[in-house]
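In the working numbering, the protein residues as written are -5 to 24. Ideal Cβ positions, reconstructed from N, Cα and C, are used throughout, including at glycine. Nothing here was measured: the structure is a model prediction, and the numbers come from that model. Before any comments, here is the structure.
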Amino acid sequence: MPLIVVTAGPLIATFAVIRDANRRSLNRLL
């Protein structure tokens, strides 16, 4: 279980950062 948390944590964090960046770029375009 700890191994899954260690591997999934960074993935979720990077996904959240990418989603936030996409939202900002979309707002900028609109």
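DSSP-derived helix/strand/coil call for residue i
{"i": "Leu5", "result": "helix"}
{"i": "Leu(-3)", "result": "helix"}
{"i": "Leu24", "result": "coil"}
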